[in-house]
Amino acid sequence: MEHKKWESVEVLITEVKEKLHDQARLAQIFENCFYNTLQTTVRELSDGTTYLITGDIPAMWLRDSAAQMRPYLIPARKDPVLAELIAGLVRKQFFYINIDPYANAFNETPSGNCWSHDDTQMNDWLWERKFEIDSLCYPIQLAYLLWKNTGCISHFNEDFRQGICKILQVFRCEQNHEDNSTYYFIRKNTFFTDTLSRNGKGALVKGNIGLIWSGFRPSDDACTYGYLMPSNMFATVVLRYLEEIADTIYHDTHLQEDARHLRHQITEGILTYGIVETSDYGKIYAYETDGFGQYNLMDDANIPSLLSIPYLGYRGDTEIVQNTRRFILSEANPYYYHGKCARGIGSPHTPVNHIWPLSLIMQGLTAVDEQELTFVLQMLLETDAGTNLMHESLHVDDPACYTRKWFSWANALFCELILKICGYDICSADYISKTIS
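For the sequence shown, the positions run 31 to 467 when the numbering used here is used.
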């Protein structure tokens, strides 16, 4: 893929550069980032599927790979070959989900390569087996958006149908993790954030309250409390997508009703257990809860996050969303850092005083006014350490001190922000409503 030319991509880059004619450096970073994924991470396989590495780690994450390809949905509208490349990724994702819906990252072949030799139900396809709700949400989202943006339906094959049935089965099982689930994960000789307590079961949660349990966050760090609110919100969004897919593509009223019923249960769980009254910010959404009354009030840079609620498409209470945003973009959030060069949300996954470009970009994508957007763009321009690419995290006092030189997810999300600024919206309701199914 490194030397393959995509005319539709080059046309879009030219259009964006023309729209950003008075912001040459912003245009240059966009061009670098937009080429980056196609040139460095994508492999077209002989079986018609597509494999994406996450960047400087030679494995494919379900979450990252979906996010990496999202910006290419726009040129794919006019490029059936590119649309089919993305469809190949969806096919690969659901091939993996059918192997093990609890795994988050996979090898290209059953090589037995892995991040660590963990105590869990591993097999040779798995790079890592951390159960994360979002790992099952992102492939559904990509499949849906591909259909709606391009009309492509080749990815809605038997693997996809089997995969969504497995996803629904896992989601229902993990609504009562303590009694129903056989999943466990233990990583020895590591940080507590990289393994699960209670012999791999995780901290105790109250079962049957509508919410889905998640072992790990989208950062791949262990949840403090098992009900991760942003991921449950994301689940309600993709279940809404599944309802439409079941109706229009499969004409399966049972599958449609199954998805709808689960969505209603999760929504009720969020309303009942996911909202906390605070003295300084009013009602806000918690990041995590155990259902017993304990809450983790914070946000993490990785997506889904509380900051990303509007981006995800979750239909939350407007006032609570705004209150939550004020909270997480303040030092009341323990992972909000403010320094000489930058300020924003970081993660326990990286060192103290490191913020993530992912969170800065998401702040821009969900900015409430032009002034905030301009401020975020300026920070992004000033903190790339002269590389013209995005990193995993950077020190708020020294952008040259960063983690992960090569992080394709951040590059792709930056492209989404620039495309949105230039009038290209992947999730445009107007465009989706005009798409012929």
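We put the CB at the ideal spot given by N, CA and C, even for glycine. No experiment lies behind these values; they were computed from the predicted model shown.
Confirm, please, whether the CB-CB distance from Asn418 to Gln58 is below 8 Å. Counting from one through the sequence shown, the residue named residue 58 turns up at place 28. Counting from one through the sequence shown, the residue named residue 418 turns up at place 388. Cβ atoms of Gln58 and Asn418: closer than 8 Å.
Out of Asn128, Leu112, Glu274, which one is the CA nearest neighbour of Leu511? For the chain, the structure presents residues 31 to 467; residue 511 sits outside this window and is missing.
Relative to the alpha-carbon of Lys370, which residue among Glu412, Ile391, Val267 has its alpha-carbon at the smallest distance? If you number the sequence shown from 1, residue 370 lands on position 340. Measuring from the Cα of Lys370, the nearest candidate turns out to be Glu412.
Using a 10 Å radius around the Cβ and a threshold of 16 neighbouring Cβ atoms, would you call His368 buried or exposed? Here the question's residue 368 lines up with position 338 in the sequence shown. The residue in question, His368, is exposed, as its Cβ has fewer than 16 Cβ neighbours within 10 Å.
Buried/exposed call for Arg55, threshold 16 Cβ in 10 Å: In the sequence shown, residue 55 corresponds to position 25, counting from 1. So Arg55 counts as exposed.
By the three-class DSSP mapping on this structure, what secondary structure does Ser360 have? The residue given as residue 360 occupies position 330 in the sequence shown. In the displayed model, Ser360 falls within coil according to three-state DSSP, outside both helix and strand.
Presumed contact (8 Å Cβ cut-off) between Lys150 and Tyr214, rounded CB distance: Taking the first residue of the sequence shown as 1, we reach residue 150 at position 120. Taking the first residue of the sequence shown as 1, we reach residue 214 at position 184. As written in the sequence, residue 150 is Thr, which differs from the Lys given in the question. Sure, about 6 Å apart at Cβ, within 8 Å.
When the distance is taken between beta carbons, is Asn353 closer than 8 Å to Lys313? For this step, residue 313 is matched to residue 283 along the sequence shown. For this step, residue 353 is matched to residue 323 along the sequence shown. Yes; because the gap between Cβ atoms is below 8 Å, this pair is in contact.
The stretch 121-139 / the stretch 60-72 touching (three or more Cβ pairs under 8 Å): The stretch 60-72 and the stretch 121-139 do not touch, with fewer than three beta-carbon pairs separated by less than 8 Å.
With a 10 Å radius around its C-beta and 16 neighbouring C-beta atoms as the bar for buried, classify His425 as buried or exposed. Here residue 425 corresponds to residue number 395 of the sequence shown, with the count starting at 1. Looking at its Cβ environment, which holds 16 or more other Cβ atoms inside 10 Å, His425 is buried.
Would Glu287 be called buried (16 or more neighbouring beta carbons within 10 Å of its own) or exposed? Taking the sequence shown and counting its residues from 1, one reaches residue 287 at position 257. Result: exposed.
Determine the burial state of Ala430: buried for a count of at least 16 other Cβ atoms within 10 Å of its Cβ, exposed for fewer. To locate residue 430, count along the sequence shown from 1; it is residue 400. Ala430 should be labelled exposed.
At a cut of 8 Å, does the stretch 141-149 reach the stretch 165-179 through at least three beta carbon pairs? Fewer than three Cβ pairs drawn from the stretch 141-149 and the stretch 165-179 lie within less than 8 Å of each other, which leaves the two stretches out of contact.
Just to check my reading of the structure: Gln295 and Gly376 have Cβ atoms closer than 8 Å, yes? What is that Cβ distance to the nearest angstrom? For this step, residue 295 is matched to residue 265 along the sequence shown. For this step, residue 376 is matched to residue 346 along the sequence shown. Contact between Gln295 and Gly376 is ruled out by a C-beta separation of about 33 Å, above the 8 Å threshold.
Which same chain residues end up closer than 6 Å to Glu422 when comparing Cβ atoms and leaving out the 5 residues on each side of it in sequence? Along the sequence shown, read from residue 1 onward, the residue named residue 422 stands at position 392. Apart from the 5 residues on each side of it in sequence, Glu422 sits with its Cβ closer than 6 Å to the Cβ of Thr433, Arg434, Phe437 in its chain, given in chain order.
Whether Asn363 touches Ser249 by CB criterion (8 Å): In the sequence shown, the residue the question calls residue 363 occupies position 333. In the sequence shown, the residue the question calls residue 249 occupies position 219. Not a contact, by the Cβ cut-off of 8 Å.
So within the stretch 308-372, which uninterrupted beta strand (DSSP E) runs reach at least 3 residues, ignoring any that extend past its ends? Scanning the stretch 308-372 from its first residue to its last, the whole beta strand (DSSP E) runs of 3-plus residues come out as 312-315, 366-368.
Collapsed DSSP secondary structure at Glu45 in the structure displayed: Mapped onto the sequence shown, residue 45 falls at position 15. Correct three-state label for Glu45: helix.
Roughly how many angstroms lie between the CA atoms of Phe246 and Ile87, to the nearest whole one? Reading the sequence shown from its first residue, position 216 is the one you call residue 246. Reading the sequence shown from its first residue, position 57 is the one you call residue 87. Phe246 and Ile87: Cα-Cα distance of roughly 19 Å.
Rounded to a whole number of angstroms, what is the C-alpha to C-alpha distance between Arg107 and Thr180? Counting from one through the sequence shown, the residue named residue 107 turns up at place 77. Counting from one through the sequence shown, the residue named residue 180 turns up at place 150. So the alpha carbons of these two residues sit roughly 5 Å apart.
Less than 8 Å between the CB atoms is what I'm expecting for Ser389 and Leu337, so what's the real figure, rounded? As a first step, residue 389 must be located in the sequence shown, where it is residue number 359. As a first step, residue 337 must be located in the sequence shown, where it is residue number 307. Right, their Cβ atoms sit about 6 Å apart.
So for Gln53, helix, strand or coil by DSSP? Here the question's residue 53 lines up with position 23 in the sequence shown. Residue state, collapsed to three classes: coil.
To the nearest angstrom, how far is it from the Cα of Tyr461 to the Cα of Phe221? Here residue 461 refers to the residue found at position 431 when the sequence shown is read from its first residue. Here residue 221 refers to the residue found at position 191 when the sequence shown is read from its first residue. Summary for Tyr461: the model assigns pLDDT 43, below 50, so the residue's position carries little reliability; its value from the coordinates is reported in the next sentence. Distance between the alpha carbons of Tyr461 and Phe221: 46 Å.
With 16 other Cβ atoms within 10 Å as the buried cut-off, status of Gly101: Stepping through the sequence shown from its first residue, residue 101 is reached at position 71. The residue you asked about is not Gly; residue 101 is Pro in the sequence shown. Taking a 10 Å sphere around the C-beta of Pro101, we find 16 or more other C-beta atoms and assign the residue as buried.
State the CB to CB distance for the pair Ile275 and Tyr174, rounded to an integer number of angstroms; the pair is presumed to be in contact (CB under 8 Å). Residue mapping note: residue 275 aligns to position 245 of the sequence shown, counting from 1. Residue mapping note: residue 174 aligns to position 144 of the sequence shown, counting from 1. Rounded to whole angstroms, the Cβ separation of Ile275 and Tyr174 is 7 Å, and the two are in contact under 8 Å.
Comparing C-alpha positions only, which one of Trp177, Met90, Trp157, Phe60 sits nearest to Ala117? If you number the sequence shown from 1, residue 117 lands on position 87. Considering only Trp177, Met90, Trp157, Phe60, the residue with the shortest C-alpha distance to Ala117 is Trp177.
Environment of Asp347 [buried if 16+ CB atoms lie within 10 Å]: By one-based count along the sequence shown, residue 347 stands at place 317. Counting the other Cβ atoms within 10 Å of the Cβ of Asp347 gives fewer than 16, which makes it exposed.
What is the DSSP secondary structure of His379, reduced to helix, strand or coil? The residue labelled residue 379 in the question sits at position 349 within the sequence shown. It is coil, neither helix nor strand.
Between the C-alpha atoms of Thr465 and Leu226, what's the straight-line distance to the nearest angstrom? Locating residue 465 in the sequence shown gives position 435, where the first residue counts as 1. Locating residue 226 in the sequence shown gives position 196, where the first residue counts as 1. The predicted position of Thr465 is uncertain, since its pLDDT is 39 and thus under 50; a value taken from the coordinates is nonetheless stated next. Going from the Cα of Thr465 to the Cα of Leu226 covers about 44 Å.
Kindly list the residues whose CB is nearer than 6 Å to the CB of Phe444, restricted to its own chain and excluding five residues on each side of it in sequence; keep chain order. Here residue 444 refers to the residue found at position 414 when the sequence shown is read from its first residue. Scanning its chain for C-beta atoms nearer than 6 Å, with the 5 sequence neighbours on each side dropped, one finds around Phe444 the residues Cys63, Ile391, Met420, in chain order.
Cβ separation of Trp439 and Asp94, assumed to be a contact under 8 Å, to the nearest whole Å: Residue 439 sits at position 409 when you count from the first residue of the sequence shown. Residue 94 sits at position 64 when you count from the first residue of the sequence shown. Confirmed, about 5 Å.
Over what stretch of residues does the alpha helix (DSSP H) that includes Tyr81 continue unbroken? Along the sequence shown, one-based indexing puts residue 81 at 51. The continuous stretches of alpha helix (DSSP H) do not include Tyr81, which lies in the beta strand (DSSP E) extending over residues 80-82.
Output needed for Asn383: all residues of its chain with C-beta closer than 8 Å, excluding positions within five of it in sequence on either side, in chain order. The residue you call residue 383 lines up with position 353 of the sequence shown. Tyr367, Gly369, Gly376, His425, Val426, Asp427.
Where DSSP assigns a beta bridge to Ser423, which residues make up the other side? On the sequence shown, position 393 is the one that residue 423 refers to. Here Ser423 is bridged, per DSSP, to Thr433.
Nearest neighbour of Val120, chosen from Asp414, Arg191, Met152 [CA to CA]: Working through the sequence shown from its first residue, we reach residue 120 at position 90. For the residues Asp414, Arg191, Met152, the minimum Cα distance to Val120 belongs to Arg191.
Should Gln401 be labelled buried (16 or more other beta-carbon atoms within 10 Å of its own) or exposed? Residue 401 sits at position 371 when you count from the first residue of the sequence shown. Answer is exposed; the Cβ neighbour count stays below 16.
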